[in-house]
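A quick write-up on the structure given underneath.
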Amino acid sequence: MPNRPALDKRQIGPAPPRRCGVSPSFEAVPAVLYASLYLASTLLLLAVLFAFEVQSTRETARQRNAGTLAWLQKEFESGGVNALRAAVARSIALPVPTRTYFRLASPEGRELISTLPAPIAAEGEEEISFATEDGASEGAALIRTIVLGEGYRLSAGRDVSRLVWTQWLFARASLFAFAGSLLLGTLVGAAMGWGIFQRIGAMNRLIEDITKGDLGQRLAVSRRGDELDQTAASFNRMLDMVQRLMGDLRHVTNNIAHDLRTPLMRLERKLEEISASTATGSREADLADEALAEANQILEIFNALLRIAQIEGGSASAIFETVDLSAVVRTIEDAYLPLAEEDGRQLFVETQ
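Its first residue numbered 0, the sequence shown is counted upward by one per residue in numbering that gives the first Met the number 0.
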């Protein structure tokens, strides 16, 4: 015998079920959005607090400088430069919570008194930066300079190193806020997204069952009343209408088949009578037999329609029988094997 060719074994059956749900990339969208919102809101809050702190510190220093300069100007106007120098010396010796700076220069620009840590402009207000005494950090001071009578220049300032510390604190807090907000936003977004998409996945799985013909199932509707619940309720109403229309269609099909089967059966009996009353072998008998065969075929079609309607309605399940498909395949093999051998072909069948 010739070598038996390899059999192409293919699995025959329902297609593997598709994964019903949502893609991981789509599930990650809420987490990213919530994390971004948390981060943006936290950074905005920190920026507002930072701006308020900077503005408050500068405004306090500016008001104190103005008050000190106004008092020293009165001392100069009442007692001259000597009274001014004495007043500045007393101010330097006073214990104050915020460090103060003074400078008195002659009309020629020679410094008479100075406690400034860095040079300044000739007139106006400015913020200077300097290294602290230990050299480990950077300090800052807000200085205001005015010109007195006879050309003397008087400067008064307040230490605003707190602004430098505030900037460092803001940068540090922003870093921690960024990490914390990113983590918290991701967790909250993932939790909320997981809950939402679990519901969407359940809806998709149920819709898959419905598309397979199980119109009796319905989507679950919670008490939240959100958009998903509204969509599920609308889908359930649509299913109710489809199921009602399908029932009406089966009912109409059943009625039509019943109504047409009765006259067809009468036609079949009349054709049988005609066939029996005519001579065997005559043309009339042959025509009657052909018409009778057509009528029988039409009756079989309507009986099949009735059975389909009964099966869809669930009333014909009692007459179902178990069919051995292996036996059917073997019967087909027995029928076609001789034809294959006559044509020089080989027929192989495997059953389980």
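For glycine and all other residues, C-beta sits at the position ideal for the given N, C-alpha and C.
- Put simply, of 169, 112 and 101 the residue whose alpha carbon is nearest the alpha carbon of residue 44 is 169.
- Residue pairing by DSSP places residue 130 opposite 137 in a beta bridge.
- When the five nearest sequence neighbours on each side are left out, the beta carbons in the same chain lying within less than 8 Å of the beta carbon of residue 201 are those of 219, in order along the chain.
- In the three-state DSSP reduction, residue 145 falls in the strand class (E or B).
- Nearest in C-alpha terms to residue 90, of all of 74, 78 and 105, is 74.
- Bounds of the alpha helix (DSSP H) holding residue 325 are 324–341.
- Rounded to the nearest angstrom, the Cβ distance from residue 291 to residue 267 is 7 Å, consistent with a contact under 8 Å.
- Taking residue 228 as the centre and dropping the five residues before and after it, the same chain places the C-beta of 220 and 221 closer than 6 Å to its C-beta, in chain order.
- Residue range 226–276 is occupied by the alpha helix (DSSP H) that includes residue 244.
- The beta-carbon distance between residue 68 and residue 103, rounded to whole angstroms, is 11 Å. This is too long to meet the 8 Å contact definition.
- A direct Cα-Cα distance of roughly 37 Å separates residue 343 from residue 296.
- DSSP, read as helix, strand or coil, puts residue 101 in strand.
- Here the segment 45–55 lies against the segment 157–177, with 3 or more beta-carbon pairs under 8 Å apart.
- When the beta-carbon positions are compared, residue 244 and residue 209 stay at least 9 Å from each other.
- As computed with DSSP, residue 78 is found in no beta bridge at all.
- A straight-line Cα-Cα distance of about 14 Å links residue 338 and residue 330.
- DSSP places residue 117 outside both helix and strand once states are collapsed to three, so it counts as coil.
- Looking at the backbone, the Cα of residue 120 and that of residue 100 are separated by about 15 Å.
- When DSSP states are grouped into helix, strand and coil, residue 152 belongs to the strand group.
- For residue 57, the CB contacts under 7 Å within the same chain, skipping 5 residues up- and downstream, are 141 and 159 in chain order.
- Within the DSSP secondary-structure output, residue 112 pairs in a beta bridge with 103.
- The distance from the Cβ of residue 64 to that of residue 157 is about 6 Å, consistent with a contact at the 8 Å cut-off.
- Taking the Cα positions, residue 278 is about 22 Å away from residue 265.
- By the Cβ neighbour-count rule, residue 215 is exposed, with fewer than 16 other Cβ atoms within 10 Å of its own.
- Around the CB of residue 251, fewer than 16 other CB atoms lie within 10 Å, so the residue is classed as exposed.
- In the three-state scheme derived from DSSP, where H, G and I count as helix and E and B as strand, residue 222 is classed as coil.
- With a beta-carbon spacing of about 37 Å, residue 301 and residue 346 fall beyond the 8 Å limit used to define contacts.
- Residue state for residue 158 is assigned as strand, using DSSP reduced to three classes.
- Taken atom to atom, the span from the alpha-carbon of residue 195 to that of residue 203 is near 12 Å.
- Residue pairing of residue 125 in beta bridges, as defined by DSSP: 142.
- Apart from the 5 residues on each side of it in sequence, residue 138 sits with its Cβ closer than 8 Å to the Cβ of 116, 128, 129, 130, 131, 158, 160 and 163 in its chain, given in chain order.
- Cβ contact annotation for residue 60 (same chain, cutoff 6 Å, sequence separation greater than five): 141, 157 and 159, in chain order.
- Distances from the CA of residue 235 to each of 205, 105 and 249 were compared; the closest alpha carbon is that of 205.
- Assignment of residue 280 by DSSP, reduced to helix, strand and coil, places it in the coil class.
- Residue 344 sits in coil when the DSSP states are folded into three classes, being neither helix nor strand.
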